[in-house]
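For reference, the structure is listed below as structure tokens.
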Amino acid sequence: MMYFDERDEGDYRIYADAVEVPTGGYRAAAVVTRLRGVPKPIEVFRDENMSGGHAWDDPEDALHFAVKTSIAIIREHAASMRSPVARTIAV
56 MMYFDERDEG DYRIYADAVE VPTGGYRAAA VVTRLRGVPK PIEVFRDENM
106 SGGHAWDDPE DALHFAVKTS IAIIREHAAS MRSPVARTIA V
């Protein structure tokens, strides 16, 4: 089963995922793309191993963490991501 969430946050779209870990549990992953104010969508953030790869027992917890963290990154770095050529954010 796949645990995935896609939502808009201002000019950005968050793609969040709870990825099953072979040893058990789920890790959080997310991609943030700027959709508005640019000629074509630009990926501005990607982390496929959020929180150092911590595995949650419940996939909904991993998904919640991915979305919550992505929203915080957008809000914290929105000014630097507004340039015509967006930069990938290092966190």
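So in the numbering used here the end of the sequence shown lands on 146, straight run, no missing numbers. Beta carbons are placed, not taken as given, at the ideal position from N, Cα and C, and that holds for glycine. Being a predicted model, the structure only gives us computed values, none of them experimental.
So what does DSSP say about residue 115, is it helix, strand or coil?
Working through the sequence shown from its first residue, we reach residue 115 at position 60. Note: residue 115 maps to helix in three-state DSSP.
Give the straight-line distance between the Cα atoms of residue 84 and residue 64, rounded to the nearest whole angstrom.
Translated into the one-based positions of the sequence shown, residue 84 becomes position 29. Translated into the one-based positions of the sequence shown, residue 64 becomes position 9. Rounded to whole angstroms, residue 84 to residue 64 spans 17 Å at the Cα level.
Helix or strand or just coil, what does DSSP make of residue 133?
Counting from one through the sequence shown, the residue named residue 133 turns up at place 78. Correct three-state label for residue 133: coil.
From the DSSP output, which residues share a beta bridge with residue 103?
The residue you call residue 103 lines up with position 48 of the sequence shown. DSSP lists no partner for residue 103.
Three or more C-beta pairs below 8 Å linking the segment 92 to 101 and the segment 110 to 122
no
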